[in-house]
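Undergrad: The numbering of the sequence shown is our numbering, which starts it at -10 and goes up by one.
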Amino acid sequence: MKLQHARILLTGATGGLGSELAKQLTEAGATLLLAGRNAERLTALQTSLGGRTAVVGADLTQADGIATVAHAAREFGANVLINNAGASLFGLLENQEWAAIEQVLATSLEAPIRLTHALLPWLKAQPEAVVVNIGSTFGSLPFAGFAAYSAAKAGLRGFSQALRRELADTRVAVVHIAPRSIDTPMNSAAVTALNRALNSQSDSAADVACEIVTALVRNDRELHIGFPERFFAWLNGIAPGLIDRSLAGKLPIIKQHAAGR
Ligand SMILES: NC(=O)c1ccc[n+]([C@@H]2O[C@H](COP(=O)([O-])OP(=O)(O)OC[C@H]3O[C@@H](n4cnc5c(N)ncnc54)[C@H](OP(=O)(O)O)[C@@H]3O)[C@@H](O)[C@H]2O)c1
-10 MKLQHARILL TGATGGLGSE LAKQLTEAGA TLLLAGRNAE RLTALQTSLG
40 GRTAVVGADL TQADGIATVA HAAREFGANV LINNAGASLF GLLENQEWAA
90 IEQVLATSLE APIRLTHALL PWLKAQPEAV VVNIGSTFGS LPFAGFAAYS
140 AAKAGLRGFS QALRRELADT RVAVVHIAPR SIDTPMNSAA VTALNRALNS
190 QSDSAADVAC EIVTALVRND RELHIGFPER FFAWLNGIAP GLIDRSLAGK
240 LPIIKQHAAG R
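1) If we require 4 or more residues per run, which alpha helix (DSSP H) segments fall completely within the region 57 to 120?
2) Does the distance from the CB of Thr3 to the CB of Leu34 come in under 9 Å?
3) Indicate the three-state DSSP secondary structure (helix, strand or coil) for Leu240 in the structure shown.
4) Short check: CB of Arg(-4) to CB of Ala19, under 9 Å?
5) If you draw a straight line from the alpha carbon of Ala89 to that of Thr15, how long is it in whole angstroms?
6) Would you list the one or two residues that DSSP bridges to Val202?
7) Pull up the DSSP beta-bridge partners for Gly25, would you.
8) Express the C-alpha separation of Asp158 and Leu109 in angstroms, rounding to a whole number.
9) Does the region 126 to 141 come into contact with the region 161 to 181, if we say contact requires no fewer than three beta-carbon pairs (one atom in each stretch) closer than 8 Å?
10) In three-state DSSP terms, what is Thr126?
11) So what's Leu187 in DSSP terms, helix, strand or just coil?
12) For the structure I just gave you, are there three or more beta carbon pairs, one from the region 97 to 115 and one from the region 45 to 60, closer than 8 Å?
13) Give me the residue from Ala162, Trp87, Asn84 with the minimum Cα distance to Ala114.
14) Provide the residue span of the beta strand (DSSP E) that contains Arg(-4), from first to last.
15) Hey, would you say Val197 sits closer than 9 Å to Met(-10), going by beta carbons?
16) Under three-state DSSP, which class holds Leu34?
17) To which residues does DSSP link Ile166 through a beta bridge?
18) Could you tell me whether any non-hydrogen atom of ligand 1 is closer than 8 Å to the CB of Pro168?
19) List the whole-angstrom C-beta distance separating Ala247 from Gly134, where the pair is believed to meet the contact cut-off of C-beta under 8 Å.
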């Protein structure tokens, strides 16, 4: 896609990856509608990006928030939807409050589906349109300590692929991006310490945003960022027992960090 023709609704624009995406997409010639919950952070981002951006504030876990953002996107003339907003949760499932689990599922799975559903008739009427879903390696390589988040991201991967196949005879493309860990505020100190203990690599938000922008320009439909994570995700698809055994060996370390010790 030519980004000069792109009018992009970007959710989670104020976050670590979102603000880098906003910067790089604007530099590449796209026009952005920035969505988030925090009005002050949205305005600060808008100011830092210069004149070509618009903002909309809403909580995407609420039905009226979805309606507000969808309305703003139609007024703005969006032809690209980037479902980037997300929430994660690290810890053992049995120790987590249901409200926190529900928040992860509502933000990382339900909201992208609802927003896409609300905007699909509009997007289908555009000469060219793209839905980009920001997933995670954990969507193909579900990880101990991240059960709800892995479930949400695996669901988002399934949604992306099913919708892409459903829209194959339309002008709407569906893109699924699966980054490995990124250095952003989403990762708590415990997650950062776990990554270090497991020797898991983390990418900068700038590098991940650059790969996403390149994928959009190249019309890629699937992008899994990071090696060996990409290989292990593939292996999990054909031999999950091997991954079960490998992760069982890491479980004491994961439990130790989940307990904050
Ligand atoms: N960080 C990683 O290691 C990593 C790895 C792979 C994939 N990802 C994915 O990358 C995407 C961006 O994550 P990030 O690392 O940039 O996270 P982040 O820094 O925590 O930013 C999250 C963004 O989502 C927005 N958001 C959260 N809950 C919302 C809600 N209920 N309604 C509307 N907006 C909401 C936040 O807006 P507010 O300003 O309102 O809080 C913020 O802009 C997510 O989908 C995440 O799952 C992250």
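Built from N, CA and C at the ideal position, the CB exists for glycine as well.
TA: The structure says:
1) 87 to 94, 100 to 113
2) The count along the sequence shown starts at 1 and reaches residue 3 at position 14. The count along the sequence shown starts at 1 and reaches residue 34 at position 45. Closer than 9 Å, so yes.
3) As a working mapping, residue 240 is identified with position 251 in the sequence shown. Leu240: helix per DSSP, three-state reduction.
4) For the purposes of this step, residue -4 is taken as the residue at position 7 of the sequence shown. For the purposes of this step, residue 19 is taken as the residue at position 30 of the sequence shown. Contact flag set, yes.
5) Against the sequence shown, residue 89 aligns to sequence position 100. Against the sequence shown, residue 15 aligns to sequence position 26. Roughly 34 Å separates the two Cα atoms.
6) Start at 1 with the first residue of the sequence shown, and residue 202 comes out as number 213. BP columns for Val202 are empty, so no partner.
7) The residue you call residue 25 lines up with position 36 of the sequence shown. According to DSSP, Gly25 bridges with Gly46.
8) Locating residue 109 in the sequence shown gives position 120, where the first residue counts as 1. Locating residue 158 in the sequence shown gives position 169, where the first residue counts as 1. If I take the Cα positions, the gap works out to 14 Å.
9) yes
10) In the sequence shown, residue 126 corresponds to position 137, counting from 1. In this structure, Thr126 counts as helix in the three-state DSSP scheme.
11) For this step, residue 187 is matched to residue 198 along the sequence shown. In this structure, Leu187 counts as coil in the three-state DSSP scheme.
12) yes
13) Position 125 of the sequence shown, counted from the start, is the residue given in the question as residue 114. When each option's Cα is compared against that of Ala114, the closest is Ala162.
14) In the sequence shown, counting from the first residue as 1, residue -4 sits at position 7. -4 to -1 is the extent of the beta strand (DSSP E) around Arg(-4).
15) Counted from its first residue, the sequence shown places residue 197 at position 208. Counted from its first residue, the sequence shown places residue -10 at position 1. It is not a contact, given that the beta carbons lie outside the stated cut-off.
16) Position 45 of the sequence shown, counted from the start, is the residue given in the question as residue 34. Here Leu34 sits in helix by DSSP.
17) Along the sequence shown, read from residue 1 onward, the residue named residue 166 stands at position 177. Paired residue(s): Ile123, Leu212.
18) In the sequence shown, counting from the first residue as 1, residue 168 sits at position 179. Yes - ligand 1 has a heavy atom lying nearer than 8 Å to the Cβ of Pro168.
19) The residue you call residue 247 lines up with position 258 of the sequence shown. The residue you call residue 134 lines up with position 145 of the sequence shown. 5 Å between Cβ atoms; contact.
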